[in-house]
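Remarks on the structure that follows.
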Amino acid sequence: MRKSPALISEVIRETRLPLRGLEDRPHKSQKHRYERRKVRECLRLTDWMAED
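Mind the numbering: the sequence shown is residues 3 to 54 in the numbering used here, read in order.
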């Protein structure tokens with residue numbers, strides 16, 4: 003499923019985690035892992051947009 007740039011930028015700016023259980027258990031490793039995944043998605047989007 004393709005994601006629009008607006009949708010990805012909204013996900014990156016969102017401060018709340020999409021999974022309910024993670025807010026109740028703020029494990030540092032899971033938080034950092036989630037943030038790294040968001041950054042990787044942003045980098046992929048910029049690479050994809052640069053190719054067009």
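Heads up, the beta-carbon is just placed ideally off N, CA and C, and yes, glycines get one too.
Just to confirm, are residue i and residue j a CB contact at a threshold of 7 Å?
i	j	result
residue 14	residue 40	yes
Helix, strand or coil, according to DSSP, for residue i in the structure here?
i	result
residue 11	helix
residue 40	helix
Starting from the C-beta of residue i, find all residues in its chain whose C-beta is less than 8 Å away, skip the five residues before and the five after it, and write them out in chain order.
i	result
residue 1	Residue 1 falls outside the range modelled here, since the chain spans only 3 to 54, and no answer is possible.
residue 7	47 and 51
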